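K.L.:
Before I ask anything, here is the structure I am working with.
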Amino acid sequence: MAENRFISEFLRSALGPVPLAEAGILPPSDHCTIIPGFCDVHVHLREPGFSYKETIASGTAAAAAGGYTAVCTMPNLDPVPDSPAHLAVQETMIAAQARVHVYPYGAITVGERGEQLADMAALAPRVVAFSDDGRGIQNDDLMREAMRSAKRLGKLIAAHCEDNRLLRGGYIHDGAYARANGHAGICSESEWGQIRRDLELVRETGCAYHVCHISTKESAALIRQAKREGLDVTCETAPHYLVLDENDLKEDGRFKMNPPLRSAADREALIEGLLDGTIDMIATDHAPHSVEEKAKGLRGSAFGVVGLETAFPVLYTKLVVTGVLSMEKLIDLLVYRPRERFGIPLAENDYAIWDLDAAYTVDPDAFRTKGRATPFAGMTVRGRCLATVCGGKPVYTAEDGVK
Ligand SMILES: [Zn+2]
């Protein structure tokens, strides 16, 4: 089996033998698979500022339960990490609460308001990359200045691409479902138009550039072309854009995120992008909200769904078991490529033990995250994380896990 070949490669590799006994975990039995810790470059841990949605403790517990040992946390917080003093508030909380390795992003602009650059030089040594995630940077000159600064500092810009002029009050994809059900749509161009603008600026500045959560076929085509040109560009997409599309929408806030679930043609183009290397990695965009915030249907709910605890089982079930992707490719997308691009180390004692044969139904009430909204609720999946070890310490053990 592909996974067994993968494991033996892992065990043979320079990472050395897996110190299960040291971790207090007995060697797994035949049906268990050891996978190096996943790395998610796009999560919202919500602290400081929004502890009612998620805490660093609950978010990293969810990461551990999903087999992740490293996460990058987005800066749409209060205070926004736009200065060393603001970042320090978050760093203190991470040091006290985090169960897995947490790498904060620095904001590109002060307060993520898109008006004035944050103190990027002072932040650079302490942040994994720069992003104003949650918002696109509307001002071309400011983005150019941000890219020049990032280039000088040797840092990556991770861009949430969204042109506010094209939003027109939309909240789901501007497609067949929106038209049939009387919803305001978000057009694809609001995403790819800003990617196109940014690629122009990358040509000009030479900045290392990463596009967050791409959802449209045009975005994939633009990035494919940019890579052919030799630009220093990468991108991520999220599990929901690969597995679901507008045909799966229901009148329920758990199907609402930004960017939205697009058309079947977009979903297929993203899969193609994974296969040909246009899309470099899969990130969850784990974005928890309170139950109340997600209870207002498609129109009124907040944008964002949780993803850390379902990413691997959903991708394994829908893409690997079905033969779309190999296990090696999925591991590359979840473990190695994100670390390479963002400069995040993989330690030999960061891994998880999975039972890939276990089949079960996704039950949000069993999540460690405080968020409950997921479009995957009720889906039958395969692959249960039995235990996660981070820095040699067990940070997650399923109740029916490895004994
Ligand atoms: Zn975003």
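Take 248 as the starting number for the sequence shown in my numbering and just add one per residue. Heads up, the beta-carbon is just placed ideally off N, CA and C, and yes, glycines get one too. Owing to the predicted nature of the structure, the values given are computational and were not obtained by experimental measurement.
Can you tell me whether residue 505 is buried or exposed? The criterion is at least 16 other CB atoms within 10 Å of its CB, across all chains shown.
P.N.:
Counted from its first residue, the sequence shown places residue 505 at position 258. It counts as buried.
K.L.:
Can you name the start and end residues of the beta strand (DSSP E) that residue 404 belongs to?
P.N.:
Against the sequence shown, residue 404 aligns to sequence position 157. Its beta strand (DSSP E) spans residues 404-406.
K.L.:
Classify residue 628 as helix, strand or coil using the three-state DSSP reduction.
P.N.:
What you label residue 628 is simply residue 381 of the sequence shown in a count that begins at 1. Strand.
K.L.:
Excluding sequence positions up to five away, which residues of its chain have a Cβ less than 7 Å from the Cβ of residue 269?
P.N.:
Taking the sequence shown and counting its residues from 1, one reaches residue 269 at position 22. With a pLDDT of 47 at residue 269, under the threshold of 50, the modelled position of that residue is not reliable, and no figure is offered here.
K.L.:
May I ask you to check if the CB of residue 505 is nearer than 8 Å to at least one heavy atom of ligand 3?
P.N.:
The ligand content of the structure shown is limited to ligand 1, which means ligand 3 is not among them.
K.L.:
Along the chain, which unbroken stretches of the alpha helix (DSSP H) at least 4 residues long are found entirely within the segment 402-488?
P.N.:
Listed in chain order, the complete alpha helix (DSSP H) runs (minimum 4 residues) inside the segment 402-488 are 423-428, 436-452, 464-476.
K.L.:
Assign residue 407 to buried or exposed, taking buried as 16 or more other Cβ atoms, counted over all protein chains shown, within 10 Å of its Cβ.
P.N.:
Reading the sequence shown from its first residue, position 160 is the one you call residue 407. Residue 407 should be labelled buried.
K.L.:
Between the alpha carbons of residue 516 and residue 439, how many angstroms are there, rounded?
P.N.:
Reading the sequence shown from its first residue, position 269 is the one you call residue 516. Reading the sequence shown from its first residue, position 192 is the one you call residue 439. Going from the Cα of residue 516 to the Cα of residue 439 covers about 14 Å.
K.L.:
Looking at ligand 1, does it come within less than 8 Å of residue 287, judged from the CB to the closest heavy atom?
P.N.:
Taking the sequence shown and counting its residues from 1, the one referred to as residue 287 is at position 40. No, the beta carbon of residue 287 sits no closer than 8 Å to any heavy atom of ligand 1.
K.L.:
What residues in its chain sit with their C-beta under 7 Å from that of residue 556, if we drop five residues either side in the sequence?
P.N.:
Position 309 of the sequence shown, counted from the first residue, corresponds to residue 556. So the list reads 309, 312, 313, 614, 615, 616, once near-sequence residues are dropped.
K.L.:
Mapping DSSP to helix, strand and coil, what is residue 602?
P.N.:
Here residue 602 is taken as the residue at index 355 of the sequence shown, counted from 1. Correct three-state label for residue 602: strand.
K.L.:
Rounded to the nearest angstrom, what separates residue 305 and residue 353 at their Cα positions?
P.N.:
The residue labelled residue 305 in the question sits at position 58 within the sequence shown. The residue labelled residue 353 in the question sits at position 106 within the sequence shown. Residue 305 and residue 353: Cα-Cα distance of roughly 22 Å.
K.L.:
Sorted by chain position, which residues of the same chain lie with C-beta nearer than 6 Å to residue 644's C-beta, five sequence neighbours on each side aside?
P.N.:
Locating residue 644 in the sequence shown gives position 397, where the first residue counts as 1. If we look at residue 644 and ignore the five residues flanking it on each side, its Cβ neighbours are 634.
K.L.:
Which residue wins for smallest C-alpha separation from residue 659, given the options 529, 518, 361?
P.N.:
Only positions 248 to 650 of the chain appear in the structure, and residue 659 is not among them; the question remains open.
K.L.:
By Cβ distance below 6 Å, which residues in the same chain neighbour residue 488 in space, the five residues on each side in sequence not counted?
P.N.:
Here residue 488 refers to the residue found at position 241 of the sequence shown. If we look at residue 488 and ignore the five residues flanking it on each side, its Cβ neighbours are 462, 517.
K.L.:
Have a look at 588, 607, 630 and flag the residue whose alpha-carbon is nearest the alpha-carbon of residue 376.
P.N.:
As a position in the sequence shown, residue 376 is number 129, starting the count at 1. Ranking 588, 607, 630 by Cα distance to residue 376 puts 588 first.
K.L.:
Tell me whether the segment 374-388 and the segment 335-355 touch, counting them as touching only if at least three CB pairs, one residue from each stretch, are closer than 8 Å.
P.N.:
Verdict: yes, contact present.
K.L.:
Return yes when the Cβ of residue 347 is within less than 9 Å of the Cβ of residue 319, no when it is not.
P.N.:
Residue 319 sits at position 72 when you count from the first residue of the sequence shown. Residue 347 sits at position 100 when you count from the first residue of the sequence shown. No, these two residues do not count as a Cβ contact at 9 Å.
K.L.:
Within its chain, find whatever has a CB closer than 7 Å to the CB of residue 536; leave out the 5 residues flanking it on each side and keep chain order.
P.N.:
Your numbering for residue 536 matches position 289 in the sequence shown. If we look at residue 536 and ignore the five residues flanking it on each side, its Cβ neighbours are 300, 549, 551, 618, 620.
K.L.:
Among the residues of its own chain, which have a CB less than 6 Å from the CB of residue 424, if the five just before and after it don't count?
P.N.:
Translated into the one-based positions of the sequence shown, residue 424 becomes position 177. If we look at residue 424 and ignore the five residues flanking it on each side, its Cβ neighbours are 493, 496.
K.L.:
Taking only the alpha-carbon atoms, compute the straight-line gap between residue 469 and residue 631 and give it to the nearest angstrom.
P.N.:
By 1-based counting over the sequence shown, the position of residue 469 is 222. By 1-based counting over the sequence shown, the position of residue 631 is 384. Approximately 36 Å, taken between the alpha carbons.
K.L.:
Let's see if you can read the secondary structure: which residues bound the beta strand (DSSP E) around residue 289?
P.N.:
Residue 289 sits at position 42 when you count from the first residue of the sequence shown. Residue 289 -> beta strand (DSSP E) spans 285-290.
K.L.:
For the alpha helix (DSSP H) containing residue 339, list its first residue and its last residue.
P.N.:
Taking the first residue of the sequence shown as 1, we reach residue 339 at position 92. Its alpha helix (DSSP H) spans residues 331-344.
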